[in-house]
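Single-structure report; data block below.
Protein chains: 2
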Amino acid sequence: MADAYQKLEAKFEELAALSHAMGILGWDEQTMMPEGSGDERNFAQAKLAALAHRMVVDDETGELLERAVEERLDHWQRANLGLMRRARMQASALPSEFVERQHRAGMKAEQMWRKHRPANDWRSFLPYFEQNVALVRQEAELRSAARGIAPYDALLDLYEPGITQTDVDDWFAGLASELPELIMRAEERSRATPAQPPPGPFSIAAQQMLGRRAMEALQFDFDRGRLDVAVHPFCGGAAGDVRITTRYDESDYVESLMGVIHEAGHAQYEQNLPVQWRHQPIGAAVGMAVHESQSLFFEMQIGRSAEFLEFFAPALAAAFPHVDASVWRIENMVPVYQAVRRGLIRVNADEVTYPAHILLRYAIERDLVNGSLAPADVPERWNAEMGKWLGLETTGNDRNGCMQDVHWPSGAFGYFPTYTLGAMIAAQLADSFKREQPAWHDDWRRGDFTGVREWLSGTVWSRGSRLQMKELVAEVTGAPLDPTLYLAHLRARYLG
Amino acid sequence: MADAYQKLEAKFEELAALSHAMGILGWDEQTMMPEGSGDERNFAQAKLAALAHRMVVDDETGELLERAVEERLDHWQRANLGLMRRARMQASALPSEFVERQHRAGMKAEQMWRKHRPANDWRSFLPYFEQNVALVRQEAELRSAARGIAPYDALLDLYEPGITQTDVDDWFAGLASELPELIMRAEERSRATPAQPPPGPFSIAAQQMLGRRAMEALQFDFDRGRLDVAVHPFCGGAAGDVRITTRYDESDYVESLMGVIHEAGHAQYEQNLPVQWRHQPIGAAVGMAVHESQSLFFEMQIGRSAEFLEFFAPALAAAFPHVDASVWRIENMVPVYQAVRRGLIRVNADEVTYPAHILLRYAIERDLVNGSLAPADVPERWNAEMGKWLGLETTGNDRNGCMQDVHWPSGAFGYFPTYTLGAMIAAQLADSFKREQPAWHDDWRRGDFTGVREWLSGTVWSRGSRLQMKELVAEVTGAPLDPTLYLAHLRARYLG
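Residue numbers (my numbering), protein chains in the order written: chain P, 11 to 506; chain Y, 11 to 506.
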């Protein structure tokens, strides 16, 4: 009676325990760990990862997977078994000698990037970058061979299962045709709208309180989660113990507050995955694009909405009594929160210009992996793309051009598209939600987010990995993913 | 060339990584974890423990151990191999069905203890206690059979390798003959010595600063460790990342400060174990009695000495400016720190009365395990022992009598003796140290603890588990463990 399948579930429970440990250790490393303990932590994490890897690829797992296919399983079990097979395929696609070599090269390249970026020294960084690109091309080929899909598709699939370059080309083409003009018009309108940003300083204690206040309003479960400080904000921890971080700047409370709301979106997805499948692959979040759709739903669809601002203004006024009350009027704050300014740096970009930063990175990394672009030619291509999308120039400014992100130095290719796919998915989900719950407008103004949480929980969170992203979007919204609703959202908010 | 041994080292490196994870998870549970995440943490810890257990007892480990015995190894490797064999013997002594049953019974008994102790309800707790005793007798029998040693010896050996009931009977007999009179005289003298305790409140911020100050003076490595708050103070974390905790009470700074110094002793042992053997059994601390000897060396030999008080008084005066300066005079503070008062509660006991609490527990648990005492008769025996050692009465007061500690309810028998053995070892080590480094007196008064740290590091810390406790004491002090020097220390300090 599904004996092999039951044994697999038991094995994946042990993997879930390892994953719990690695998650808490990862959180601890960024928030609590004394600096000198880093080598020891790296040792432990590497050994645990190797142990988990071995458990997935060992002969016993292989035999159980073969036997379980013949067993009588319900739909969720069948889907879970599919994800177990997928995990094994991913884990065994690369020889461990290759993984080790790539890991070392990535560590070295990242280290060289940290050294040469501040000096704007592309030439010195280039050999390490070339090495990374050569290795990721090999990785893509190996994964391609193992999975029977195209090389770059095999990388995309690591971050969001089931999506292909054809999909992304298609979705992004829809964006690309309208984005440059939209950016220009939105920036013009933003510059023409008078807005008075609240003057600092904003005490860190008050910002902490506001972050918790926002998380409470959005019903983050503090009994199974935490908020802490880390240099790079993230959502981490473990299933049933979801921990987010932020950082504080006394001259700007918006970045931290919006960061908290963003991470709270990731966190609520994790906190509300199906409990009965918590220790199985089917109970995990589906992919990075869907994950980002939840954080961007919270940050962009909710957090930067006029309705949320209206609800939250009294809390802001109380937290920062030195600011003149008139500043917190909604007519002033909306243009402050929704300012549009083209810039060179992705992580500082606003909602409208952000996708341009992704479109250019996507085009470059796709061509790098597929071999039609040489690593040495990246700065020139970057400058050309920046001109095309944002009308900006980066020649001789690689530090703020192609050297600005850690992704490629660390060896992550195929990840960038998920940011903008997340924004597209969020917009499409928000469109469905608002049509289904027309009372959202009044609810949000009152600070009542129960309706939207229940809707997201029912449509997305409770499904775990039961559906892949493309199926999920179609199932929930009744239509395939399509940039039209995202563009409509941007136009309504920034040109409306 | 020592191929099987090398494979074993690799396997124990993975076990060290699991142990790292379990250590940090355990620390996190007591300090950071949100309350609602407890079940999930228990799940993860249980799975990781089961995984580690399986790695030790699996056939591959057994075969490697047999092959490695024939290989050419140096002394440390040979000793390390012995500890690997020991670990396997310990791990396979109990059938997993029995471990599971005992674990569940222990959880239940501890839960019932938490419920019935506040109500002073021995009768309701008794059935669970009887169950625990029955199971620990079985455990002792099983371990006895596996190891070829006596049942209670097999339990003692879990906490301090190589010690036997005969040893403990012998060491404790030496104490017992003098302790009751020493206690009576020390208390009389303490009561007759006028002392003015510093009046509170003692702000928590100032106490935190003082704790860190003391740790810095004692050269705790903050680059590889932390100090945090937890309900029950402990030293935890992982190799190379040693974390201690304390708790604060605004009406009493001494308990927290002495607690910090105590845990800092445990921590420095852990921080200074031989780095090159960090991931092997031989690189770990030897046993609980030796561990306690290091914490008590720090707390009792150093922290409560007149020399340390003299060095630390200015820091105390600066931290608590509301206290009249005359209070911090050494003639006043020594009797405050060295007060002797008989009481019912072990964890509140001073240095002189503490061993009495252990002698009585040892006698009772030894007889419980060996079958000469019935669980139902424990309150009566407890009362008799309390009368004999401390002249106190606990009839009808089981809450503050035999129900006061968590050890037996949780199933830990064989642990209690290590507290007083630790104190004995500390006194014997201190005696040798002071004879070898007569400048200690002036060093400590100046706050210079480099000499004592280097001495402990050379004699104890750097040895890891190379020598068992009895060998270690003989090697370092030139004589077997003997209560005489401990009694001499108590007499000199409390009757001098």
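Glycine included, each C-beta is placed from N, C-alpha and C at the ideal position.
Residues of chain Y with a Cβ closer than 8 Å to the Cβ of F22 of chain P do not exist, since the nearest Cβ in that chain sits about 11 Å away. Cβ-Cβ distances below 8 Å link L283 of chain P to A249, G293, A294, A295, W471, S472, G474 in the same chain, with the five nearest sequence neighbours on each side left out; the list follows chain order. Taken in chain order, the complete beta strand (DSSP E) segments of 3 residues or longer contained in the region 235-287 of chain P are 235-239, 245-248, 251-256. Of the other Cβ atoms in all chains shown, 16 or more fall within 10 Å of the Cβ of T430 of chain P; this residue is therefore buried. In this structure, L354 of chain Y lies near L402 of chain Y, with their beta-carbon atoms less than 8 Å apart. D251 of chain P places its beta carbon 8 Å or farther from that of E39 of chain Y.
With contacts defined by Cβ atoms closer than 8 Å, L497 of chain Y and E188 of chain Y form a contacting pair. Nearest in C-alpha terms to P385 of chain Y, of all of Y:M219, Y:Y162, Y:K444, Y:M413, is Y:M413. Residue environment for I340 of chain Y: exposed (fewer than 16 other C-beta atoms within 10 angstroms of its C-beta). Just measuring C-alpha positions, the residue of P:A224, P:R234, P:P324, P:P331 sitting nearest S266 of chain P is P:A224. Exclusion of the five residues before and after E151 of chain Y leaves P161 as the residues of its chain whose Cβ lies within less than 6 Å of its Cβ.
DSSP places S305 of chain P within a helical segment (H, G or I) once states are collapsed to three. Going by beta carbons, F423 of chain P and V178 of chain P fall outside the 8 Å limit.
Between the C-alpha atoms of F426 of chain Y and L192 of chain Y there is a straight-line separation of about 21 Å. Residue contact with chain P for P493 of chain Y: absent (no Cβ-Cβ distance below 8 Å to any residue of chain P).
Take M310 of chain P, set aside five residues on each side of it, and the residues of its chain with a beta-carbon closer than 6 Å to its own are E361, in chain order.
Taking V350 of chain P as reference, the option from P:A440, P:E198, P:G33, P:W181 with the minimal CA-CA separation is P:E198. Between the alpha carbons of L104 of chain Y and L74 of chain Y lies a distance of about 21 Å. With 16 or more other CB atoms across the displayed protein chains lying within 10 angstroms of its CB, H126 of chain Y is buried.
Here the region 117-132 of chain P does not lie against the region 84-102 of chain P, with fewer than 3 beta-carbon pairs under 8 Å apart.
One finds H30, R234, A248, A249, G250, D251, R288 in chain Y with Cβ atoms closer than 9 Å to the Cβ of E50 of chain P, taken in chain order.
Counting of Cβ neighbours within 10 angstroms places Q112 of chain P among the buried residues, the total reaching 16 or more. Distance check between S420 of chain P and each of P:R64, P:A119, P:D68, P:L61 places P:A119 closest, using alpha-carbon atoms only. The beta carbons of M343 of chain P and A323 of chain P sit about 7 Å from each other, so the pair counts as a contact at 8 Å. Closer than 8 Å to the CB of K57 of chain Y there is at least one CB belonging to chain P. Fully contained in the region 385-471 of chain Y are the following alpha helix (DSSP H) runs of length 4 or more, in chain order: 388-400, 417-420, 427-446, 450-455, 460-469.
When DSSP states are grouped into helix, strand and coil, F232 of chain Y belongs to the helix group. At a cut-off of 8 Å between C-beta atoms, P427 of chain Y does not count as an interface residue with respect to chain P. Close CB contacts of L91 of chain P within its chain, under the 6 Å cut and outside five residues either way in sequence, are with A78 (chain order). Inclusion of A60 of chain P and H30 of chain Y in the CB contact set at 8 Å is not warranted, their separation being larger than that value.
Taking every protein chain shown into account, the CB of Q286 of chain P has fewer than 16 other CB atoms within 10 angstroms, so this residue is exposed. Between the beta-carbon of A277 of chain P and that of I254 of chain P there is about 5 Å, and that keeps the pair under the 8 Å contact cut. Under the 8 Å criterion on CB atoms, S106 of chain Y is classed as non-interfacial with respect to chain P.
Interface criterion not met: the Cβ of A89 of chain Y is under 8 Å from no Cβ in chain P. I292 of chain P carries a helical assignment under DSSP once its states are collapsed to helix, strand and coil. Sequence-distant Cβ neighbours of V483 of chain Y in its own chain, meaning closer than 7 Å and more than five residues away, are I435, Q438, P490, L491.
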